[in-house]
Amino acid sequence: MDEEPERAKRWEGGYERTWEVLKEDESGSLKATVEDILFQSKRKRVIENHGQVRLGMMRHLYVLIDCSRSMEDQDLKPNRLASTLKLMEAFVDEYFDQNPISQVGIITTKNKRAEKLTDLAGNPKKHIAALKKAVDTLCVGEPSLYNSLNLAIQTLKHMPGHTSREILIILSSLTTCDPASIYELIKTLKSLKVRVSVIGLSAEVRVCTVLTRETGGSYHVILDESHFRELLMLHVKPPPASSSSECSLIRMGFPQHTIASLTDQGAKPSFSMSHLDNSSGPGLSLEGYFCPQCHAKYTELPVECKVCGLTLVLAPHLARSFHHLFPLQAFTESSVEELQEDRFCQACQGELKDKIIFTCPSCRSVFCVECDLFIHDSLHCCPCCIHSQSTS
Amino acid sequence: MASLSEEVLLVVKKVRQRKQDGTLYLMAERIAWGPEGKDRFTVSHLYADIRCQKISPDGKAKIQLQLILHTGESTTFHFSNESSALKDRDAAKELLQQLLPKFKKKANKELEEKNRMLQEDPVLFQLYKDLVVSQVISADEFWANRLGDMNNSDPTPYNNKQDVGISGAFLADIRPQTDGCNGLRYNLTADIIESIFRTYPAVKQKYGENVPHNLTEKEFWTRFFQSHYFHRDRINTGTQDIFSECAKQDEKGLKSMVVQGVKNPLVDLLSLEDKTLDEGYGVSTTTPSTSNANRTVKESSNAAIIKRFNHHKVPFFFSSETSSTDGNSRDSDFFQPPVKKVRLQEAIEYEDLQRENRLKTVALNLKKSDRYAHGPVPLQSQHYTTSQDIINSVNHIRHEMVNYKPNLTQVLSSTAASSAITALSPGGVLMMTGTQQAINQMIPTEVQGELKHLYAAAGELLRHFWSCFPVNSPFLEEKVMKMKTNLERFQMTKLCPFQEKIQRQYLSTNLTGHLEEMLQTAYSKFHVWQTRRMLRKT
Numbered sequence: 001m002d003e004e005p006e007r008a009k010r011w012e013g014g015y016e017r018t019w020e021v022l023k024e025d026e027s028g029s030l031k032a033t034v035e036d037i038l039f040q041s042k043r044k045r046v047i048e049n050h051g052q053v054r055l056g057m058m059r060h061l062y063v064l065i066d067c068s069r070s071m072e073d074q075d076l077k078p079n080r081l082a083s084t085l086k087l088m089e090a091f092v093d094e095y096f097d098q099n100p101i102s103q104v105g106i107i108t109t110k111n112k113r114a115e116k117l118t119d120l121a122g123n124p125k126k127h128i129a130a131l132k133k134a135v136d137t138l139c140v141g142e143p144s145l146y147n148s149l150n151l152a153i154q155t156l157k158h159m160p161g162h163t164s165r166e167i168l169i170i171l172s173s174l175t176t177c178d179p180a181s182i183y184e185l186i187k188t189l190k191s192l193k194v195r196v197s198v199i200g201l202s203a204e205v206r207v208c209t210v211l212t213r214e215t216g217g218s219y220h221v222i223l224d225e226s227h228f229r230e231l232l233m234l235h236v237k238p239p240p241a242s243s244s245s246e247c248s249l250i251r252m253g254f255p256q257h258t259i260a261s262l263t264d265q266g267a268k269p270s271f272s273m274s275h276l277d278n279s280s281g282p283g284l285s286l287e288g289y290f291c292p293q294c295h296a297k298y299t300e301l302p303v304e305c306k307v308c309g310l311t312l313v314l315a316p317h318l319a320r321s322f323h324h325l326f327p328l329q330a331f332t333e334s335s336v337e338e339l340q341e342d343r344f345c346q347a348c349q350g351e352l353k354d355k356i357i358f359t360c361p362s363c364r365s366v367f368c369v370e371c372d373l374f375i376h377d378s379l380h381c382c383p384c385c386i387h388s389q390s391t392s
Numbered sequence: 001m002a003s004l005s006e007e008v009l010l011v012v013k014k015v016r017q018r019k020q021d022g023t024l025y026l027m028a029e030r031i032a033w034g035p036e037g038k039d040r041f042t043v044s045h046l047y048a049d050i051r052c053q054k055i056s057p058d059g060k061a062k063i064q065l066q067l068i069l070h071t072g073e074s075t076t077f078h079f080s081n082e083s084s085a086l087k088d089r090d091a092a093k094e095l096l097q098q099l100l101p102k103f104k105k106k107a108n109k110e111l112e113e114k115n116r117m118l119q120e121d122p123v124l125f126q127l128y129k130d131l132v133v134s135q136v137i138s139a140d141e142f143w144a145n146r147l148g149d150m151n152n153s154d155p156t157p158y159n160n161k162q163d164v165g166i167s168g169a170f171l172a173d174i175r176p177q178t179d180g181c182n183g184l185r186y187n188l189t190a191d192i193i194e195s196i197f198r199t200y201p202a203v204k205q206k207y208g209e210n211v212p213h214n215l216t217e218k219e220f221w222t223r224f225f226q227s228h229y230f231h232r233d234r235i236n237t238g239t240q241d242i243f244s245e246c247a248k249q250d251e252k253g254l255k256s257m258v259v260q261g262v263k264n265p266l267v268d269l270l271s272l273e274d275k276t277l278d279e280g281y282g283v284s285t286t287t288p289s290t291s292n293a294n295r296t297v298k299e300s301s302n303a304a305i306i307k308r309f310n311h312h313k314v315p316f317f318f319s320s321e322t323s324s325t326d327g328n329s330r331d332s333d334f335f336q337p338p339v340k341k342v343r344l345q346e347a348i349e350y351e352d353l354q355r356e357n358r359l360k361t362v363a364l365n366l367k368k369s370d371r372y373a374h375g376p377v378p379l380q381s382q383h384y385t386t387s388q389d390i391i392n393s394v395n396h397i398r399h400e401m402v403n404y405k406p407n408l409t410q411v412l413s414s415t416a417a418s419s420a421i422t423a424l425s426p427g428g429v430l431m432m433t434g435t436q437q438a439i440n441q442m443i444p445t446e447v448q449g450e451l452k453h454l455y456a457a458a459g460e461l462l463r464h465f466w467s468c469f470p471v472n473s474p475f476l477e478e479k480v481m482k483m484k485t486n487l488e489r490f491q492m493t494k495l496c497p498f499q500e501k502i503q504r505q506y507l508s509t510n511l512t513g514h515l516e517e518m519l520q521t522a523y524s525k526f527h528v529w530q531t532r533r534m535l536r537k538t
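In order, the protein sequence lines correspond to chains A and B.
Quick note on the UniProt record's numbering: the first sequence kicks off at 1 and runs consecutively.
Quick note on the UniProt record's numbering: the second sequence kicks off at 1 and runs consecutively.
Listed below in structure tokens is the structure:
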């Protein structure tokens, strides 16, 4: 038949050019269906999340990175470890952007042991520096889920009850070497209310399924690098709070930025408490944020005061999470045929080529698929609604 | 005087000290001597204080034991019992020999730890110099505060104490390399050796017995890898092999475990052979022959492999006995009562195929959500106007706006305008952010360095001060008062001299102003707390 030589060519082509993302084939190639599934799940997430749900915004997250022999595999370029660490840098940046009052720590595991790369801290610079250095580590041995989870628990169990305790595991090996029963540890995790999620780089592993199911986390396995990035960014959003987390008042300080000049009487140059040990930081300066309780000075916020332990934030840091309190509604989906006017997207002004279009329920403006995703993931507000509000 | 709860390990009568007769007592934590007839001890030393002990040489007439303390002092005991002096002295010496190392290690370890910490962290060292050497706080307090923090966040000791599992492939990972002349090189690391010992406890026993008396370590491992015990055959030929006993031991162990059985009602280990019901319902076996001669070579090697496989699996199969679950390691059973019914249920259902349960979320309950759009507004008394008034005022304004003509010369007075321009031009009052560089150059770097040290020391003291609040225990009350006196002492001994020094250098900027402010804030907090406490008491 005619089709057979064509099919053979397509099959061969599939092997030769596996790095090309989309292939325009209509005959049900597996790639197209997988892409479709991914897209549907994205849409489902947008639709589901528009309700007002209580979220845990003060998060203590430990990221466990597998550094075992399987991370030297080159299916992600240049090898799994380098690719993971690069994506982690982007993750840390995004994380602190979306969750300014949270903390992150990194643990690595190899050779049946676990090691802390960085402690739980709220400053992204330290983590990014450590991740950059970690590219040179030798990947050897087997990872140990038990030891690394234990190491994370040692710190997480001391965290206050109103914060969310999370662990994210990036596991590429299909085995784990543990000194004791991991099911006991899963019980402990449940009792400590720690939520564990896993991103697998090779395949689904049964113990991870049980781990995430029992603790209430999510388990995904990556398809390729862009999917990996997407799955990582899923964890940037604060997770819904479980009903058992306590609610309490949290004490925070809101210092004001003070500037003074040398000619003022009583100008007092001072050092920032966070820059005392490194000589490369700014030296004596006249401006900064002074802690309202103990009057210590800091140059950057948010920070936990080293002297009195008060969390110091600025109001915009908290306002950044407002879009979780007032989420944007999901836009109504419709077919492009129904549109009578000119077919162009209000946001990007491009022609509407897809079959599906989205309409904002309040201002009735029309958006294409890409813009809809962008509006819901990053902008959190309809551009036309804002525009119309300011001119009215 | 000895407390009643002290455990007395040895009592030696007729021991003289300083020409007085008495009795020597060795207790759990100290050694003491009391004169004859009296109730109290005149000499008492903790084992931790004793550096070493000495005995008089064997030929001497006097049989003595001398204790030398860390401080350099020494105490001598003369054993004067005619018949058993030597025995007594030796008994005391041996007991001391056992006890002293236990206490010695503790003292040394702490000092070592402290030294290490000081050497590793130059900031800590500087802090130590500033605070302890200049006697602002005592060394004990410094270490009490430091070690208290360290014990909470303990990172390094944890790494040393991590339990490590046994990798499933550890034997395969040994990967012998050929060394060119028909030999094999095995590379053994500490991890692999430990795994071998844990998997084959019989080998560990043999190691303990033979090394280093009979064989060197290298020879032991060479023999191990050569022995049939290690290889697949496991034919127990040749009793010269030290490992042949290990195989017999293992088999015995295996049999006993199998007889014990497993708690799983669906598994019966004792009836694993094929049974027939009738022709066509399974394999029909002839009566098993009892002579081993009939067994083919293939069968025996199969049996060897099966035996080896069972030996490998047995620890896993029976290990869950210790964690009080059933032998079959199905994970979902762990979280449900292990009953036969549940087991059968699980054999039928497969939860992966079921619908995913959504995590129950808690709905957010926002009251007065429009308050989030703007900040909190203070309540004021409202002045109500009627709608007609509003319409009238809107019309009035609209009318005015139609006739509006701008008059730009009357907008702002010239003085106001020129002062605004000067404030916003470079160098003006509102543009002073560029002067940071200027300060750093005006003040010499040694002064800045010293100031940094002062900041670090003050920060440490203030941190301990603020950690005492809220004060809700007598320990914290004491601590807060102590810290306040420490702060005052710090201000007097370190801050004031520094201030005078910089004044003498004609630096006009107030460098210590900020530090003083921080200390002042701490003092006022203390003062407030104190007054509140007084009020509560009266």
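Idealized CB from N, CA, C, for every residue including glycine.
{"Asked": "Which residues in chain A have a C-beta closer than 9 angstroms to the C-beta of B:Glu-29? List them in chain order.", "Found": "Near B:Glu-29 there are no residues of chain A at all, since even the closest Cβ is about 32 angstroms away, more than 9 angstroms."}
{"Asked": "In chain B, what lies closer than 7 angstroms to A:Leu-284 by C-beta?", "Found": "Ile-439, Asn-440, Ile-443, Gln-448"}
{"Asked": "Identify the residues that DSSP records as bridge partners of B:Gln-20: which are they?", "Found": "B:Gln-17"}
{"Asked": "Just how far apart, CA to CA, sit A:Cys-363 and A:Ala-319?", "Found": "25 angstroms"}
{"Asked": "If you compare alpha carbons, which of B:Val-411, B:Ala-522, B:Arg-18 is closest to B:Ser-80?", "Found": "B:Arg-18"}
{"Asked": "Between the Cα of B:Tyr-47 and those of B:Phe-41, B:Leu-99, B:Lys-501, B:Ala-85, spot the shortest distance and give me the residue it belongs to.", "Found": "B:Leu-99"}
{"Asked": "Roughly how many whole angstroms lie between the Cα atoms of B:Met-431 and B:Thr-422?", "Found": "10 angstroms"}
{"Asked": "Would you say the region 163-175 of chain B touches the region 190-203 of chain B, given that touching needs at least three Cβ pairs under 8 angstroms?", "Found": "yes"}
{"Asked": "Contact check, B:Leu-65 vs B:Phe-77 under 8 angstroms by CB: the rounded distance?", "Found": "5 angstroms"}
{"Asked": "Under 9 angstroms, CB to CB, which of the residues in the region 168-179 of chain A have a partner in chain B?", "Found": "Thr-175, Thr-176, Cys-177, Asp-178, Pro-179"}
{"Asked": "Would you give the residue range spanned by the alpha helix (DSSP H) that A:Gln-154 belongs to?", "Found": "145-156"}
{"Asked": "With burial defined as no fewer than 16 other Cβ atoms inside 10 Å of the residue's Cβ, what is the status of B:Thr-216: buried or exposed?", "Found": "exposed"}
{"Asked": "Using three-state DSSP, classify A:Leu-352 as helix, strand or coil.", "Found": "coil"}
{"Asked": "Which chain A residues sit within Cβ distance under 8 angstroms of B:Asp-163?", "Found": "Asn-147, Pro-179, Ala-180"}
{"Asked": "Can you list, in chain order, the stretches of the beta strand (DSSP E) that have 3 or more residues and sit fully within the region 181-235 of chain A?", "Found": "194-200, 219-221"}
{"Asked": "So, are the CB atoms of B:Ala-458 and B:Gln-126 less than 9 angstroms apart?", "Found": "no"}
{"Asked": "Using the beta-carbon of each residue, which ones in chain B are nearer than 8 angstroms to A:Ala-296?", "Found": "Gly-459, Leu-462, Met-518"}
{"Asked": "For B:Lys-255, would you say it is in contact with chain A, using Cβ-to-Cβ distances shorter than 9 angstroms as the test?", "Found": "no"}
{"Asked": "Determine whether the beta carbon atoms of B:Val-15 and B:Leu-24 lie at a separation below 9 angstroms.", "Found": "yes"}
{"Asked": "Label B:Cys-468 either buried or exposed according to how many other C-beta atoms from any shown protein chain fall within 10 Å of its C-beta, with 16 as the threshold for buried.", "Found": "buried"}
{"Asked": "Name the residue from B:Ala-28, B:Ile-50, B:Gln-20, B:Lys-129 whose alpha carbon lies nearest to the alpha carbon of B:Lys-38.", "Found": "B:Gln-20"}
{"Asked": "Do you know how far the Cα of A:Arg-69 is from the Cα of B:Gln-226?", "Found": "29 angstroms"}
{"Asked": "Comparing the C-beta of B:Leu-451 with each C-beta of chain A, is any distance below 9 angstroms?", "Found": "yes"}
{"Asked": "Tell me which same chain residues have a C-beta within less than 6 angstroms of the C-beta of A:Glu-304, skipping the five on either side of it?", "Found": "Thr-311"}
{"Asked": "Please tell me whether B:Asp-130 has its Cβ less than 9 angstroms away from any Cβ of chain A.", "Found": "no"}
{"Asked": "A:Gly-288 by DSSP, collapsed to three states: which one?", "Found": "strand"}
{"Asked": "Using the Cα positions of B:Asn-210 and B:Asn-182, report the straight-line distance between them to the nearest angstrom.", "Found": "28 angstroms"}
{"Asked": "Using 9 angstroms as the limit for Cβ to Cβ distance, is B:Ile-166 near chain A?", "Found": "yes"}
{"Asked": "Apart from the five residues on each side of it in sequence, which residues of its chain come closer than 6 angstroms, Cβ to Cβ, to A:Thr-163?", "Found": "Met-58, His-60"}
{"Asked": "Give me the chain B residues within the contact set of A:Leu-339, using Cβ-Cβ distance strictly less than 8 angstroms, ordered along the chain.", "Found": "The premise fails here: A:Leu-339 is roughly 33 angstroms from chain B at the closest Cβ pair, so nothing lies under 8 angstroms."}
{"Asked": "Between which residues of its own chain and A:Met-273 is the CB-CB distance below 8 angstroms, once the five residues before and five after are set aside?", "Found": "Ala-296, Lys-297, Tyr-298, Cys-305, Lys-306, Val-307"}
{"Asked": "Is it buried or exposed, B:Leu-67, if we count other Cβ atoms within 10 angstroms and call 16 or more buried?", "Found": "buried"}
{"Asked": "Within 10 angstroms of the Cβ of A:Gln-340, are there 16 or more other Cβ atoms? Answer buried if so, exposed if not.", "Found": "exposed"}
{"Asked": "For my contact list, B:Thr-512 and B:Leu-495 are in at a C-beta cut-off of 8 angstroms; report their separation, rounded to the angstrom.", "Found": "6 angstroms"}
{"Asked": "To test your reading of the DSSP string, which unbroken alpha helix (DSSP H) runs of 4 or more residues are found completely within the region 460-494 of chain B?", "Found": "474-490"}
{"Asked": "Would you verify that the beta carbon of B:Tyr-523 is, or is not, closer than 9 angstroms to some beta carbon of chain A?", "Found": "no"}
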